[in-house]
Amino acid sequence: MSQDRLKALDDLGLETSAFKVLCYLSFKDRAMKPSEIAEKVWEKASTVRARLTELKDAGLISATPEGYVSNLTPYDMLMKLYREIKEELKG
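The opening position of the sequence shown corresponds to residue 6 in our numbering, with each subsequent residue numbered one higher.
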């Protein structure tokens, strides 16, 4: 993963709607439409569309004709959680 993507990922808070959307997409094996994502993560469609734009601008997801896909792997998401837990245990 590029340093820019790693920083963008690490800047996301774990309890944000952006993280929920990114996490959901990272574990899916197909492109998804904003309305599908909104239904699955229990967020308003307008919120999901706004977060998708932010995530796309950060290079964490890509838009395709079929919908949105994550540029990250499930492993990347698990490592984010690991880094967060490790930091929390230090403090």
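From the three backbone atoms N, C-alpha and C, an ideal C-beta is built for every residue, glycine too. Keep in mind it's a predicted model, so treat the numbers as computed, not measured.
Residues sharing a beta bridge with residue i, DSSP
| i | result |
| --- | --- |
| Ser75 | Ile66 |
Where residue i falls, given that 16 or more other Cβ within 10 Å makes a residue buried
| i | result |
| --- | --- |
| Tyr73 | buried |
| Lys25 | buried |
| Glu92 | exposed |
| Glu20 | exposed |
| Ile90 | exposed |
| Glu48 | buried |
Inter-residue Cα distance where the pair is residue i and residue j
| i | j | result |
| --- | --- | --- |
| Lys33 | Pro79 | 9 Å |
| Ser22 | Ala36 | 18 Å |
| Met84 | Gln8 | 14 Å |
| Pro39 | Asp16 | 22 Å |
| Cys28 | Met82 | 7 Å |
| Leu94 | Arg88 | 10 Å |
| Arg10 | Thr58 | 15 Å |
Enclosing alpha helix (DSSP H) for residue i [first to last residue]
| i | result |
| --- | --- |
| Arg10 | 8-16 |
| Ala43 | 39-46 |
Candidates the options, of which the one nearest residue i by Cα
| i | options | result |
| --- | --- | --- |
| Arg56 | Gly18, Pro70, Tyr87, Lys95 | Gly18 |
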